[in-house]
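Student:
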Amino acid sequence: MSMKIGAEKFDERVQEGLSDTFMRGAVSSAQTRFRNGRLNAAEELGGWEEWRNLGEEIRTHTLENIDYYLDLLSEKVAERGGHVYFAQTAEEANNYITNVVKKKEAKKIAKSKSMVSEEIGLNDALKDIGAEVVETDLGEWILQNDDVDPPSHIVTPALHKNREQIREVFHDKLGYSKTDKPEELALFAREKLREEFLDADIGITGCNFAVADTGTVTLVTNEGNARMVTSLPDTQITVMGMERVAPTWNDMEVLVSLLTRAAVGQKLTSYITSLTGVKEEDDVDGPEEFHLVIVDNGRSKILGTEFQSALHCIRCAACINVCPVYRHIGGHAYGSIYPGPIGAVLTPLLGGYEDHKELPYASSLCGACTEACPVKIPLHELLIRHREKIVEEKGEAPVFENISMKAFGMGTASPTMYNIGTKLAPKVMKPMVKDEVISKGVGPLKSWTTARDFPAPGKQRFRDWYKKRQREES
Amino acid sequence: MAGKIMNKKHFLNHVAGQLGRERIMDTVERPEWKHQPQWNVLKDASQDELVDILKEQCKSIHTEVLETNKEQLSSTIQDMIKDNGGGQVVTWDDPRFQDFQVNLETQEDLNIHVWDPRLGDENIRITEQANLGITFSDITLAESGTVVLFSDAGKGRSVSLLPSTYIAIIPKNTIVPRMTQAAEMIEEKVANGEQVASCVNFISGPSNSADIEMNLIVGVHGPIKATYIIVDD
Ligand code: SF4
């Protein structure tokens, strides 16, 4: 798998998402829960705006000096016995990693969740050389056993699957015979995966944040699989997007606090694991050999452009959890491993407009994403810039625009949204403002009739609006 | 032995070029951040207040908390072991067990393995089968209910990970407001020329997952149960 998932066209994927009632229910209740968690956690912490300002400050400074911090990081990792490989392309990264695997004659590889390894298609590259790769994150493992169903959410990748479907996958593929109780399913996974951890020759992880001044890789998890993957196999390979660096532990700490609160409303996740180099001489557990692979794969193209702040993203999914469009269409419709508002900004930057030109239109521009983002990325403004650039380049908006804005049910829902948009980008927004009437139940809108409208009034602050909406629901 | 760094120059020159400048070769001073709300959290809390906050937080992370004193610690731990069904117990080799007069190995009715680097992988094999793993906390974070563990020869990473139940002994004086203080302590050590441990774990309760229909399942890959024992020292 690479960043792009599925061969269908965007509107076909949207249709598919719309007609999956379970998925839609799951997405909307997940959104509500994540969002409640985030708002509570933010309130508890106090001064959330101050925290966001700090997050933005740290990320801005780091990205402006990223060559310096990556240099420092690599020196420190090497001091502690780790190897560092700078990979400009996905291919370079995969070649390096498969070479390590070949040299070790490794048969089995245990992997903990890593977005960037999905992005570069690492699993396929490993399979091509005959290595067995086991995804050990519960959600990823479920998807892997279901003939590699792509993830639909960056925090809970199997969100679109219900327990019966999961039971079926376990039953058909792994001989599971118990019920669809989540506890029983998880216990089964625990037992199966224990064997894999103990058996694996190599562990592969992603990286939430790398601390430059000590060469430390930090993993933020709840399940404990990343700890297994970095404690038991002799060799550890960590793949990181080059923007994942933080200057010091103090900065990493702030980013972790922002991430766990914004992602799941937890003060911290069950495990924050900070790993430096190879194990020490008398250590029993931990890797003897450590490789850090720092991946560019199109990120540097974004540096120095008006989209640079997209690289500040800490992958918390808060923007996804508040997005009314994501709520309607689900993760797969984006056709990218990065869904939601950040996906709509990032995917065209990494993968080009040609394949992903519809994505910037998969937004109502209500601004909820921007307000939710813990590092203050102006997501909806970046989406508008994308639209402007697409119009500049192509001379016109994609045909898709016409159906999309109507199809998302945003056309008439909230004229104020368009006012925001119109102010910022008159030439792009105009055609949509004209288009004020949508007739429900026609054409692509058919399956929308069960969808709830999700207007986000422009002037109200998101949180007030959300509270009001909750009251209305209860 | 130092590791190798590959492909750096080309990569970083390109990155600098994208930013429209030459590569930075001097040290970059990290600025004093304008916003620093992290230091205000629980700023004025007393040590006893921090204990209360820790206990309160543990309620929401499925973690049982016991309080005891130095005299009672040894018997509290033994009761804990028995209450949890006994069986194989693994502990760190940590001088603090002596300091706190905890002597589990001499108890005939307990099956204790003390992590011993000389035994190599045998430690992992025993720990994987163990019912309980026991460690001290090196730093404890009140806000998030977190024990911070630094790995070392006698302080295997697996002890807090592989057994079904994990018990952390928390000396009261290890409790600080939040992760901010722990990060600062680590940076201070580094500034004094010390090496940071190869593995620093921030552990908040048992392992869990929300990957099946967003239901919270406690105990996925790591411990199913976590208990903290706070010791008044
Ligand atoms: S863009 Fe912001 S809100 Fe969205 S995932 Fe990234 S950090 Fe989180």
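So the sequences go chain by chain: A and B.
Just so we're aligned, residue 1 is where the first sequence starts under the UniProt record's numbering, counting upward by one.
Just so we're aligned, residue 1 is where the second sequence starts under the UniProt record's numbering, counting upward by one.
Beta carbons: idealized from backbone N, C-alpha and C, even for Gly.
Just so we're clear, the structure is a prediction, and the values are computed from it rather than from any experiment.
#1: Is W33 (chain B) close to chain A, meaning its C-beta is less than 9 angstroms from at least one C-beta of that chain?
#2: Within 8 angstroms: the Cβ of C369 (chain A) and any heavy atom of the ligand SF4?
#3: For T27 (chain B), count the other beta carbons within 10 Å of its own beta carbon; 16 or more makes it buried, fewer makes it exposed. Which is it?
#4: Kindly give me the distance between the Cβ atoms of residue 234 (chain B) and T165 (chain B), rounded to whole angstroms, as I take these residues to be in contact under 8 angstroms.
#5: Measuring only between beta-carbons, confirm whether F11 (chain B) sits less than 9 angstroms from chain A.
#6: Is the CB of A200 (chain A) under 9 angstroms away from at least one CB in chain B?
#7: Is it the case that the Cβ atoms of S198 (chain B) and G203 (chain A) are separated by a distance below 9 angstroms?
#8: How many angstroms separate the CA atom of Q101 (chain B) from the CA atom of L73 (chain B)?
#9: I think residue 478 (chain A) touches E56 (chain A), with their Cβ atoms under 8 angstroms apart; what is that distance to the nearest whole Å?
#10: Can you tell me whether K279 (chain A) is buried or exposed, with buried defined as 16 or more other CB within 10 angstroms of its CB?
#11: Tell me, please, whether the stretch 253-260 of chain A touches the stretch 197-214 of chain A by the rule of three or more beta-carbon pairs shorter than 8 angstroms.
#12: Compute the Euclidean distance between the alpha carbons of S158 (chain B) and T127 (chain B), then round it to the nearest angstrom.
#13: Would you report the Cα separation of I167 (chain B) and A226 (chain B), rounded to the nearest angstrom?
#14: So V148 (chain B) and A191 (chain B) are supposed to be a Cβ contact under 8 angstroms. How far apart are they, rounded?
#15: Which residues does DSSP pair with H291 (chain A) in a beta bridge?
#16: If you scan the stretch 194-271 of chain A from start to end, which runs of the alpha helix (DSSP H) of 4 or more residues do you find wholly inside it?
#17: In chain order, what residues of the stretch 188-214 of chain B put their CB closer than 9 angstroms to some CB of chain A?
#18: If we cut at 9 angstroms on Cβ distances, does K389 (chain A) have a partner in chain B?
#19: Leaving aside the five residues before and after T180 (chain B) along the sequence, list all residues of the same chain whose C-beta is less than 6 angstroms from its C-beta, in chain order.
#20: Are the CB atoms of D251 (chain A) and residue 513 (chain A) within a distance shorter than 9 angstroms?
#21: What does the Cβ neighbour count give for R118 (chain B), buried or exposed, with the cut at 16 atoms within 10 Å?
#22: Can you tell me the Cα-Cα spacing of E56 (chain B) and T63 (chain B), whole angstroms?
#23: Mind checking who E67 (chain B) pairs with in its DSSP beta bridge?
#24: Taking 8 angstroms as the cut-off, is the C-beta of R299 (chain A) nearer than that to any heavy atom in the ligand SF4?
#25: Within the same chain, show all residues whose beta-carbon is closer than 6 angstroms to that of E401 (chain A), passing over the 5 residues directly before and after it, in chain order.
#26: If you measure from the beta carbon of W92 (chain B) to each beta carbon in chain A, is any gap under 9 angstroms?
#27: Assuming contact is defined by CB atoms lying nearer than 9 angstroms, are I134 (chain B) and I169 (chain B) in contact in what I supplied?
#28: Between which two residues does the beta strand (DSSP E) carrying Y166 (chain B) extend?
#29: For a test of your reading of the model: does the CB of V375 (chain A) fall under 8 angstroms from any non-hydrogen atom of the ligand SAH? Yes or no.
#30: In terms of residue numbering, what span does the beta strand (DSSP E) encompassing R150 (chain B) cover?
#31: Along the beta strand (DSSP E) that carries A110 (chain A), what are the first and last residues, could you check?
#32: Relative to the ligand SF4, is the shortest distance from any of its heavy atoms to the C-beta of P341 (chain A) smaller than 8 angstroms?
#33: For E105 (chain A), count the other beta carbons within 10 Å of its own beta carbon; 16 or more makes it buried, fewer makes it exposed. Which is it?
#34: Quick one: Cα of V100 (chain A) to Cα of K267 (chain A), how far?
#35: Where does S364 (chain A) sit, in a helix, a strand or coil, going by DSSP?
#36: K111 (chain A) to I229 (chain B), Cα distance in whole Å?
Tutor: Straight from the coordinates:
#1: Here residue 33 (chain B) corresponds to residue number 33 of the second sequence, with the count starting at 1. Under the Cβ criterion of 9 angstroms, W33 (chain B) is counted among the residues facing chain A.
#2: One-based indexing of the first sequence puts residue 369 (chain A) at position 369. Because some heavy atom of the ligand SF4 lies under 8 angstroms away, the Cβ of C369 (chain A) counts as near it: yes.
#3: Taking the second sequence and counting its residues from 1, one reaches residue 27 (chain B) at position 27. Flag for T27 (chain B) reads exposed.
#4: The structure shown has nothing for residue 234 (chain B), since chain B only spans 1 to 233.
#5: Taking the second sequence and counting its residues from 1, the one referred to as residue 11 (chain B) is at position 11. Interface residue, yes.
#6: Numbered from its first residue, the first sequence carries residue 200 (chain A) at position 200. By the rule that beta-carbons nearer than 9 angstroms mark a contact, A200 (chain A) does not touch chain B.
#7: Along the second sequence, read from residue 1 onward, the residue named residue 198 (chain B) stands at position 198. Along the first sequence, read from residue 1 onward, the residue named residue 203 (chain A) stands at position 203. It is not a contact, given that the beta carbons lie outside the stated cut-off.
#8: By 1-based counting over the second sequence, the position of residue 101 (chain B) is 101. By 1-based counting over the second sequence, the position of residue 73 (chain B) is 73. Roughly 8 angstroms between the two C-alpha positions.
#9: Residue numbering for chain A in the displayed model covers 1 to 474; residue 478 (chain A) lies beyond these limits and cannot be assessed.
#10: Locating residue 279 (chain A) in the first sequence gives position 279, counting from the first residue. Residue environment for K279 (chain A): buried (at least 16 other C-beta atoms within 10 angstroms of its C-beta).
#11: yes
#12: One-based indexing of the second sequence puts residue 158 (chain B) at position 158. One-based indexing of the second sequence puts residue 127 (chain B) at position 127. When rounded, the distance between both Cα atoms is 7 angstroms.
#13: In the second sequence, counting from the first residue as 1, residue 167 (chain B) sits at position 167. In the second sequence, counting from the first residue as 1, residue 226 (chain B) sits at position 226. Answer to the nearest angstrom: the Cα atoms are 6 angstroms apart.
#14: By 1-based counting over the second sequence, the position of residue 148 (chain B) is 148. By 1-based counting over the second sequence, the position of residue 191 (chain B) is 191. Wrong, their Cβ atoms sit about 18 angstroms apart, outside the cutoff.
#15: On the first sequence, position 291 is the one that residue 291 (chain A) refers to. According to DSSP, H291 (chain A) bridges with A:H83, A:I237.
#16: Residue ranges of uninterrupted alpha helix (DSSP H) with 4 or more members, entirely inside the stretch 194-271 of chain A and ordered along the chain, are 225-231, 249-264.
#17: V190, Q195, V196, A197, S198, C199, V200, N201, F202, I203, S204, G205, P206, S207, N208, S209, A210, D211, I212, E213, M214
#18: As a position in the first sequence, residue 389 (chain A) is number 389, starting the count at 1. It does not; no Cβ of chain B falls within 9 angstroms.
#19: As a working mapping, residue 180 (chain B) is identified with position 180 in the second sequence. If the five residues before and after T180 (chain B) are omitted, its C-beta is found closer than 6 angstroms to the C-beta atoms of Q38, all from its own chain and listed in chain order.
#20: Absent from the model: residue 513 (chain A). The displayed extent of chain A is 1 to 474, so no value can be given.
#21: Sequence index remark: in the second sequence, residue 118 (chain B) carries index 118 (1-based). Looking at its Cβ environment, which holds fewer than 16 other Cβ atoms inside 10 Å, R118 (chain B) is exposed.
#22: Working through the second sequence from its first residue, we reach residue 56 (chain B) at position 56. Working through the second sequence from its first residue, we reach residue 63 (chain B) at position 63. Cα to Cα, E56 (chain B) sits roughly 10 angstroms from T63 (chain B).
#23: Position 67 of the second sequence, counted from the start, is the residue given in the question as residue 67 (chain B). E67 (chain B) is bridged to B:I230.
#24: Here residue 299 (chain A) refers to the residue found at position 299 of the first sequence. For the ligand SF4, not one heavy atom lies less than 8 angstroms from the Cβ of R299 (chain A).
#25: By one-based count along the first sequence, residue 401 (chain A) stands at place 401. Interpretation of E401 (chain A) is limited by its pLDDT of 49, a score under 50 that renders its predicted location unreliable; the figure taken from the coordinates is listed afterwards. Around E401 (chain A): Y361.
#26: As a working mapping, residue 92 (chain B) is identified with position 92 in the second sequence. For W92 (chain B), the answer is no, since every Cβ of chain A falls outside 9 angstroms of its Cβ.
#27: The sequence position of residue 134 (chain B) within the second sequence is 134, counting from 1. The sequence position of residue 169 (chain B) within the second sequence is 169, counting from 1. Yes, Cβ-Cβ distance for I134 (chain B) and I169 (chain B) is below 9 angstroms.
#28: Reading the second sequence from its first residue, position 166 is the one you call residue 166 (chain B). Taken as a continuous stretch (DSSP letters only), the beta strand (DSSP E) holding Y166 (chain B) covers 165-171.
#29: Ligands present in the displayed structure are limited to the ligand SF4, and the ligand SAH is not among them.
#30: What you label residue 150 (chain B) is simply residue 150 of the second sequence in a count that begins at 1. According to the sequence as given, residue 150 (chain B) is Phe; it is not Arg. 146-150 is the extent of the beta strand (DSSP E) around F150 (chain B).
#31: Indexing the first sequence from 1 puts residue 110 (chain A) at position 110. Taken as a continuous stretch (DSSP letters only), the beta strand (DSSP E) holding A110 (chain A) covers 108-111.
#32: Residue numbering aside, residue 341 (chain A) sits at position 341 when the first sequence is read from its first letter. Residue side-chain check: P341 (chain A) places its Cβ nearer than 8 angstroms to a non-hydrogen atom of the ligand SF4.
#33: Here residue 105 (chain A) corresponds to residue number 105 of the first sequence, with the count starting at 1. Counting Cβ neighbours within 10 Å, E105 (chain A) comes out exposed, since fewer than 16 surround it.
#34: On the first sequence, position 100 is the one that residue 100 (chain A) refers to. On the first sequence, position 267 is the one that residue 267 (chain A) refers to. Whole-angstrom Cα-Cα distance: 37 angstroms.
#35: Mapped onto the first sequence, residue 364 (chain A) falls at position 364. Shown here, S364 (chain A) sits in coil according to DSSP, grouped into three states, outside any helix or strand.
#36: As a first step, residue 111 (chain A) must be located in the first sequence, where it is residue number 111. As a first step, residue 229 (chain B) must be located in the second sequence, where it is residue number 229. Their backbone Cα atoms lie some 33 angstroms apart in a straight line.
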